[in-house]
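In the order they appear, the protein sequences are chains A and B.
Position in the first sequence counted from 1, then plus 24, gives you our numbering.
Position in the second sequence counted from 1, then plus 1, gives you our numbering.
Heads up, the beta-carbon is just placed ideally off N, CA and C, and yes, glycines get one too.
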Amino acid sequence: MSTRVGGRRLTPYLLVGPGVAWLGVFFLVPLWNLFVMSLSTKRSRYDFDPAFRWDWSNYGDVFGAYGTQLGRSFLFAGVATLACLVIGYPMAYWVVVHGGRFRAALVGLVIVPFFTSFLLRTISWTVLLADESVIVRALRATGVLAVLRTVGWIDGDRLLDTPVAVVGGLTYNFLPFMVLPLYVSLERIDLRLLDACGDLYASGWSAFRRVVLPLSLPGVFAGSLLTFIPATGDFVNAYFLGGTSSRMIGNVVQDRFLVQLDQPGAAAISFLLMAVITVAVLVYARVLGTEELTS
Amino acid sequence: MTGSWGRRIVGLAALGGFVLLFAPIVVIVAFSFNEPAGRYNLVWQRFTMENWLHPFEREELTAAVLFSLRIAGAASLVAGVLGTLVALALVRHRFRGGALVDLLLVLPLTTPEIVMGSSLALLFLDLGVDRGPLTILLAHSMFCLSFVALTVKARLRGIDWTLEDAAMDLGAPPWRTFRTVTFPMVVPGVVAAMLLSFSLSMDDVIITFFVSGDGDANFPKYVYGSFQRELAPQVHVLSTALLVLSLGLLALSVVWQRRRATLSPGRV
C-alpha cells in the first residue's frame, strides 16, 4: 500500500464506482423490487402494476402450497452437498499430496467440464442412467437398486425420474465448486506437518483428523456454500432427471413467474428461499466455527 | 491417511471422482459421432462422420450458438473492465467502504440464480425495457463482474508492486510505467478471469430464462426448449467443437504466460 497524496484519495472511488453502480442497479435494486413485489397484490393475471400493501399473506400462501417443494429442495441440496464433500475431499487431498508438479494441470482438469454445456452434460446423464445402461444394469445386478427401493428412495426398477437421479445430477454439476475451494485451503497446508505427525507416532488417520481436517475447514465451508446455494435454486436437474415427484422450488418459481405470471407469489417463494438459506448458512458457520475451537 | 491402505483408498476415491467428472463429456464426444435412429440422439446406434460433415445443418441451433458467443464475448468484456477496476481499487488502495464492496462482490455468488433471474425480470418489466439481447447482456455482465473482481483480486495480491516504484525511480513516466510494467503483470489474471466469465455466460440457463424475450435463445436455452421435440446430434458436435476450442485457447494462454514469465525482467 503506497501512500497517496491529495487528489489521489479519490482514485479508489473512481475505480470501484462503475462496478459498484453496476451491481447496485442490476443486483441490489432488483432484489429490493422483488421484496416489494412479494408484499404486493395482483388484481388479475394481467395486472402489470400490482399494488403494494404489506401483503404478508403471499408468504403464508406459498408456504402452504409449496412447503413440500421447498423442503425437498433443501433436502436434495443438502444430500448433494454432502456427497460433493465425500467425493471432492479425496480428489482435492490427493491432488495436493500426490500431484507433485502436475498439481496445476490436475486442478485444471476439474474445470474442464465447465467448457461443455451444463445442460448437455445433464442430458448426458439420462444416457448414462437409462434403464438398460451399463451403470443401471450393474446396480441392478449387485442389488443396489433393491436396497434403494427398500429405503424408499426409488419406486420401481429404474433410476431415471427418481430423487436419486436428481441428487446425483446436482452432485455431479456442482462438484467442481466443492473441489476448487477445498484445493485452495489444502494447498496452503505445509505438508511437512504430516511428516511431523508421523515422527510423533500419530497414525495416518489421526494426523488427518487432528491436523489436516481442521486446517481445511475454511475450504469445506466455502465449498459447501458454493454447492448448496446454487443447488437449492436449480431446476435443470429436476427437469431432466427427475419425475413429477421430485420437482424442486426452482421449478415452482419458474412456473409461477413465467407461466402463471404470478409475480408476487414467485417473489415470496424467492425470499422464503433466501431466508432459509441465510439461516442455514449461519447455523452451519456456527457449527464449523465451534468445531474449530474444540479440536 | 499416510498408511498404505488409506493412501490406496484416497487414490481410488480421487480417481472415481475424476471418472465421474468426465463420464458425461465422454458421452457428448461419443454421441457427436452417433447416427440417431429417431429425433433424439440419446441411444447409441452406429458410428458416422455425417454430423461432423454437416455441423451447421440446424440453422436455429447455429444461430443460438453464435448468439451465445456474441453475448458471452460482450459480457466478459464489460465484466472484465469493470471487475478489474474494482479489483485494482481493493488491492492497491485502502479506503472507507472497501469491506462493503467486498461483501457486495460475494453476494451474487451466494444468491440462487433463480432469485437473481426473477428479480431482474421484474426490474426490466418495471423499467419498461423489452427483454432481449441487451437485457441478457446486462444480466450476464452482472454475475460475471463478481467472478472477475474476485479472481483478479486474488491474482493481484500476489504481484510485487514495488516494481512500479522501481520503474518510476528509473525515470519512466506514469503512462510508460503502466504500459511496460503494470499492464503486463495484471493482464494474465484478467485474461483468465474473462475466460471463466465467457464460459459462465455461454452456460447460463436459469437467469437467461428470465431475462430473454420469447424470440431470442442462447445455446442452452435452445437446447432446453428444443428438448421437447428433438435432440439433434449437431448439438453434440458443436459442444465438442467448443470444448476443443476452449481447451486450445486455455493451452495457448498457459504457454503465453510461461513465455512471459521467462521473459520477465525478474528472470533475466
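Would you mind working out which of the options sits nearest residue i, comparing C-alpha positions?
| i | options | result |
| --- | --- | --- |
| phenylalanine 34 of chain B | B:Thr152, B:Leu250, B:Pro234, B:Arg93 | B:Pro234 |
| leucine 287 of chain A | A:Val208, A:Asn57, A:Val44 | A quick correction: the sequence has glutamine, not leucine, at residue 287 of chain A. Checking every option, the nearest Cα to that of glutamine 287 of chain A belongs to A:Asn57. |
| tyrosine 225 of chain B | B:Val206, B:Ala193, B:Val44 | B:Val206 |
| serine 269 of chain A | A:Gly167, A:Trp46, A:Leu94 | A:Leu94 |
| methionine 202 of chain A | B:Leu22, B:Arg9, B:Leu13 | B:Leu22 |
| serine 200 of chain B | B:Phe179, B:Ala75, B:Gln229 | B:Ala75 |
| glycine 266 of chain A | A:Arg96, A:Ala231, A:Ile301, A:Leu312 | A:Arg96 |
| leucine 194 of chain A | A:Gly88, A:Phe264, A:Ala290 | A:Phe264 |
| serine 240 of chain A | A:Asp258, A:Leu218, A:Arg212 | A:Arg212 |
| asparagine 219 of chain B | B:Val20, B:Asn42, B:Thr63, B:Glu36 | B:Thr63 |
| glycine 257 of chain A | A:Phe232, A:Leu297, A:Arg280, A:Arg233 | A:Leu297 |
| leucine 144 of chain A | B:Ala252, B:Ser247, B:Leu13, B:Ser227 | B:Ser227 |
| serine 120 of chain B | A:Val311, A:Phe281, A:Val300, A:Ala299 | A:Phe281 |
| glutamate 156 of chain A | B:Leu86, B:Val44, B:Glu114 | B:Val44 |
| leucine 101 of chain B | B:Pro113, B:Glu114, B:Thr112, B:Val87 | B:Val87 |
| valine 28 of chain B | A:Gly41, A:Val86, A:Pro137 | A:Pro137 |
| phenylalanine 125 of chain B | B:Gly18, B:Ser5, B:Gly214, B:Leu104 | B:Gly214 |
| glycine 81 of chain B | B:Ala150, B:Lys154, B:Ala252 | B:Ala150 |
With DSSP run on the structure shown, which of helix, strand or coil describes residue i?
| i | result |
| --- | --- |
| alanine 304 of chain A | helix |
| asparagine 35 of chain B | strand |
| tyrosine 41 of chain B | strand |
| alanine 154 of chain A | coil |
| serine 120 of chain B | helix |
| glutamate 316 of chain A | Confidence in glutamate 316 of chain A is poor, its pLDDT being 49 and thus under 50, which makes the residue's placement unreliable; the coordinate value appears in the next sentence. Residue state, collapsed to three classes: helix. |
| alanine 45 of chain A | helix |
| phenylalanine 50 of chain A | helix |
| serine 64 of chain A | strand |
| arginine 218 of chain B | Sequence check: residue 218 of chain B is alanine here, not arginine. Note: alanine 218 of chain B maps to coil in three-state DSSP. |
| methionine 25 of chain A | Because the pLDDT at methionine 25 of chain A is just 44, under 50, the model does not fix this residue reliably, and the value given afterwards should be weighed accordingly. Methionine 25 of chain A: coil per DSSP, three-state reduction. |
| leucine 34 of chain A | helix |
| alanine 155 of chain B | helix |
| alanine 233 of chain B | coil |
| alanine 24 of chain B | helix |
For residue i, count neighbouring Cβ atoms within 10 angstroms of its own Cβ and tell me buried if that reaches 16, exposed if not.
| i | result |
| --- | --- |
| isoleucine 253 of chain A | buried |
| alanine 129 of chain A | exposed |
| threonine 174 of chain A | exposed |
| threonine 181 of chain B | exposed |
| methionine 50 of chain B | exposed |
| tyrosine 223 of chain B | buried |
| valine 11 of chain B | buried |
| glycine 88 of chain A | exposed |
| threonine 146 of chain A | buried |
| leucine 16 of chain B | exposed |
| phenylalanine 148 of chain B | buried |
| proline 114 of chain A | buried |
| leucine 317 of chain A | Its pLDDT being 43, under 50, leucine 317 of chain A is placed unreliably by the model, and nothing is read from it. |
| glutamine 284 of chain A | exposed |
| glutamate 61 of chain B | exposed |
Quick check: the Cα distance between residue i and residue j, rounded to an integer number of angstroms?
| i | j | result |
| --- | --- | --- |
| alanine 189 of chain A | arginine 71 of chain B | 34 Å |
| valine 1 of chain B | alanine 194 of chain B | Chain B is shown from 2 up to 269; residue 1 of chain B falls before or after that span and cannot be answered. |
| valine 29 of chain A | histidine 94 of chain B | Note that valine 29 of chain A scores 45 on pLDDT, short of 50, meaning its location in the model is unreliable and no value can be drawn from it. |
| cysteine 108 of chain A | leucine 232 of chain B | 29 Å |
| leucine 152 of chain A | alanine 162 of chain A | 12 Å |
| leucine 89 of chain B | glycine 176 of chain A | 53 Å |
| serine 294 of chain A | asparagine 52 of chain B | 42 Å |
| phenylalanine 57 of chain B | valine 134 of chain A | 30 Å |
| arginine 156 of chain B | isoleucine 273 of chain A | 37 Å |
| asparagine 197 of chain A | leucine 38 of chain A | 38 Å |
| threonine 186 of chain A | leucine 91 of chain B | 46 Å |
| alanine 1 of chain B | glycine 192 of chain A | Outside the shown range of chain B (2 to 269) lies residue 1 of chain B, about which nothing can therefore be said. |
| tyrosine 18 of chain A | methionine 117 of chain B | In the structure as shown, chain A starts at 25 and stops at 319, and residue 18 of chain A therefore has no counterpart that could be examined. |
| threonine 302 of chain A | proline 109 of chain B | 13 Å |
| arginine 59 of chain B | tyrosine 41 of chain B | 14 Å |
| valine 238 of chain B | glycine 180 of chain A | 34 Å |
| alanine 75 of chain A | alanine 122 of chain B | 18 Å |
| phenylalanine 259 of chain A | leucine 83 of chain B | 30 Å |
| threonine 209 of chain B | alanine 140 of chain B | 8 Å |
| phenylalanine 68 of chain B | phenylalanine 139 of chain A | 17 Å |
| leucine 172 of chain A | leucine 204 of chain A | 31 Å |
| proline 54 of chain A | glycine 98 of chain B | 22 Å |
| aspartate 204 of chain B | serine 247 of chain B | 13 Å |
| serine 62 of chain A | leucine 306 of chain A | 24 Å |
Whole-angstrom Cβ separation of residue i and residue j, contact assumed at under 8 Å?
| i | j | result |
| --- | --- | --- |
| leucine 206 of chain A | threonine 150 of chain A | Not confirmed; about 29 Å, so no contact. |
| valine 212 of chain B | isoleucine 137 of chain B | 6 Å |
| serine 77 of chain B | serine 254 of chain B | 14 Å between Cβ atoms; not a contact. |
| leucine 210 of chain A | alanine 231 of chain A | Contact flag wrong, Cβ pair sits at about 14 Å. |
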